[in-house]
Every structure is written in C-alpha cells, then in structure tokens.
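Single-structure report; data block below.
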Amino acid sequence: MAGHSKWANIRFRKGAQDAKRGKLFTKLIREITVATKAGGADPDNNPRLRSAVDKGLSNNMKRDTIETAIKKGSGTTDSDNFDEIRYEGYGPAGTAVMVDCLTDNKNRTVAEVRHAFNKSGGNLGTSGSVDYMFQKLGVINFSNEHDEDALMEAALDAGAEDMITHEDGTFEVLTQPDDFMRVRDAVSGAGYAHEHAEVTMRADNLSPVTVKDAEKILHLLDVLEDLDDVQNVYSNADFPDEAMSEAE
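The numbering of the sequence shown is my numbering, which starts it at -6 and goes up by one.
This is the structure:
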C-alpha cells in the first residue's frame, strides 16, 4: 500500500495547487452538480454530495458557489448535462490505469484521454480490461502524531475494516464505501483529525516499477489529471522512493 500512500499525498498537494488556478473548483462544481442530480440536494441524505461539499469547503470553496452548483443539479437553474464515463487502459510497464470522467462531450473526452495514453507510452483499453484489479474503498489518512493503538481502537469501534501503518509512521484507515462518512465523522469526533479522506479505487495488488518507468507513469497520471473532463485517476503502480521524491 505504500506506493498508493505516497501518490495520494502528492495528489493532495497538487490539488491545492490546482485550486489556486481554478481547475479543482471546476471539477468539484461538476461533481457537486452530478451528485445532486443522482441523489438529491440534501447532503445529509446523499453521501456522495456530502463528500463533494466537504472537499469543496476544505479547499476554501465559497458556500455560495456550492449552493449554486447544488441548484444546478436539482434543476432549479439551467445547467449542462454531464455523463459519467470510466476509461481503462495500460500505462508504461503494463501498469493498470483507470480514469473517471464527467463530460458534456464524449467524443472530445475519449480523444483527449486516448491521446494522453498514446503520448505517454500507454494505450487505452476496453471496458472491463483493468477494473477487476481494483476495489472501491474509503481511505482516511492520519499523520504520525497519533498513538497507533488508540487510533486503531477508535477506527475499528467506528466500523472501519482495517488500519495500515506505513514506514513513515503515518496511518491509513480503510472502510467500506457505505461506512466511510460514518467512520470518518466518528473518528474525528473522538479527537483524531485526519489529513485527507476520500472514497477511492484501490488496487488489490501493486505492480512494482523501476525509477525510469515510474517517471513515465507519473507523467501519464499528471497529464490525465490535468484534463478538464477528468475527475479521478487510479493506478496499480508501486512507485520507488526515488521517483516519489522527484515528483514532490
């Protein structure tokens, strides 16, 4: 799981940079709008919407902006229609890559995603080619400042599936997607502040890669995440420490 943790930390910092230039806000507005359409305008009864709203607030998005996006999703104001599409493919060294998109133009999006794969030494696959390698999980990250036994007890009591302790002393609490919000809130209420929390797709097994291949894979992931229609990118690559240090 270490490779995932390091890549997640870089994505988290990169998200803060994206917010400064508005890219992250655009993606979050789309997610809030689509989540509202799918599950209703009440965050308390729509976990997906609540997660999107929480992410917006944590990135200093104004409540007025969030409310406007919710209104668009609930149909009280005009809004574009976005389709949810998942693309699957292979990156350098045969690594598995999944790309979740929200788009109002499927032809544009698939062309951009395919170009990113081809340009970075990968190739776009067919539906179902790699998604069986991943499972949907809630992941809550904590710093190394917490007591391991106490944090684990609080997490398991709240209904978490497991807790992973990394070499640097940081922790990951894993949950089922439906339990994510409840566990996150319960652990937070017990006094354990998390650094990052999300429902994500986690590879069942990581694929170790060389430093040279890691640079190519990280470039592919970065290019994909920079596409306007791309919401999330997942990979099963296990990056060596040297490559992650350079990425930071």
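Glycine is no exception: its CB is placed at the ideal position from the N, C-alpha and C atoms.
All of these numbers come straight from a predicted model, not from anything done at the bench.
Range of the contiguous beta strand (DSSP E) that encloses residue 134 = 127 to 135
ask   = Per DSSP, residue 229 forms a beta bridge with which residues?
value = For residue 229, which the question treats as bridged, DSSP gives no partner whatsoever.
ask   = Going by alpha carbons, who is nearest to residue 69 out of 173, 46, 120 and 33?
value = 33
request  = May I ask you to report which of helix, strand or coil DSSP gives residue 13?
outcome  = Residue placement at residue 13 is poorly supported in this model, since its pLDDT is 49, which falls under 50; the coordinates are not used for a value here.
Opening and closing residue of the beta strand (DSSP E) in which residue 165 lies = 164 to 168
query = Just checking, does the stretch 143 to 151 make contact with the stretch 98 to 115 on the three C-beta pairs under 8 Å criterion?
reply = Output reads no: the stretch 98 to 115 does not touch the stretch 143 to 151.
ask   = Shorter than 9 Å from the beta carbon of residue 181 to some beta carbon of chain D?
value = Absence of chain D from the displayed structure is noted, only one protein chain being present.
inquiry  = Bridge partners for residue 82 per DSSP, in chain order?
reply    = 90 and 117
ask   = From 224, 231, 235 and 105, pick the residue whose C-alpha is nearest to that of residue 17; which is it?
value = 224
query = Just checking, does the stretch 183 to 203 make contact with the stretch 95 to 103 on the three C-beta pairs under 8 Å criterion?
reply = Cβ pair count under 8 Å is below three, so no.
ask   = What residues match up with residue 195 in a beta bridge as DSSP calls it?
value = 128
task = Give the range of the alpha helix (DSSP H) segment to which residue 155 is assigned.
result = First-last for residue 155: 155 to 158, but that is the beta strand (DSSP E), not the alpha helix (DSSP H).
query = In terms of residue numbering, what span does the alpha helix (DSSP H) encompassing residue 55 cover?
reply = Premise fails: residue 55 is in no alpha helix (DSSP H) and is neither H nor E.
query = How would you label residue 139, buried or exposed, when you count the other beta carbons within 10 angstroms and need 16 or more for buried?
reply = buried
inquiry  = Along the chain, where does the alpha helix (DSSP H) containing residue 182 start, and where does it finish?
reply    = Counted as a single uninterrupted DSSP element, the alpha helix (DSSP H) harbouring residue 182 occupies residues 173 to 182.
query = With C-beta atoms as the reference, is residue 226 less than 9 Å away from residue 93?
reply = Yes, the Cβ-Cβ distance between residue 226 and residue 93 is below 9 Å.
inquiry  = Only counting the same chain, and skipping five residues up and downstream in sequence, which positions put a Cβ closer than 6 Å to that of residue 22?
reply    = 62
ask   = Just checking my contact of residue 121 with residue 170 at CB under 8 Å: how many whole Å lie between their CB atoms?
value = Here residue 121 is actually not in contact with residue 170; their C-beta atoms are around 20 Å apart, not less than 8 Å.
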